[in-house]
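Engineer:
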Amino acid sequence: MSQIFPEWTNRLTLIGAVAGAVIPALAVGGIWYFGSPRYTDVGYQPHQPIAYSHKLHAGEMGMDCRYC
Numbered sequence: 554m555s556q557i558f559p560e561w562t563n564r565l566t567l568i569g570a571v572a573g574a575v576i577p578a579l580a581v582g583g584i585w586y587f588g589s590p591r592y593t594d595v596g597y598q599p600h601q602p603i604a605y606s607h608k609l610h611a612g613e614m615g616m617d618c619r620y621c
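Quick note on numbering: the numbering used here labels position 10 of the sequence shown as 563, and the sequence is numbered without any gaps.
1) Would you mind stating whether M616 and H610 have Cβ atoms separated by less than 7 Å?
2) Could you give the residue range of the alpha helix (DSSP H) that holds F587?
3) Helix, strand or coil: which one does DSSP assign to G612?
4) Specify, as a first and last residue, the run of the alpha helix (DSSP H) that R591 falls within.
5) Where P599 and Y586 are concerned, what is the direct C-alpha to C-alpha distance, given to the nearest angstrom?
6) Roughly how many angstroms lie between the CA atoms of Y597 and E613, to the nearest whole one?
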């Protein structure tokens with residue numbers, strides 16, 4: 554019996570399986586990295602050249618911590 558599809562189409566299943574595993578893994582890895590605290594600078598505290606009291610500025614003066 555003759556083949557319906559050319560012989561090279563036999564590799565499409567393998568290519569599809571590999572792509573079906575690699576592409577979601579790359580997507581999950583990218584979301585994991587770009588959403589990580591390391592990438593988004595969560596907890597970043599810039600160097601303060603002048604030491605000041607948080608108690609004075611945020612407590613007594615009532616300044617918002619985001620402005621320091």
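Where a beta carbon is used, it is the ideal one built from N, C-alpha and C, also for glycine.
Predicted model, so just to flag it, every value in this text is computed and none were measured.
Structural biologist: Taking the structure as given:
1) yes
2) 564-587
3) helix
4) 590-593
5) 22 Å
6) 25 Å
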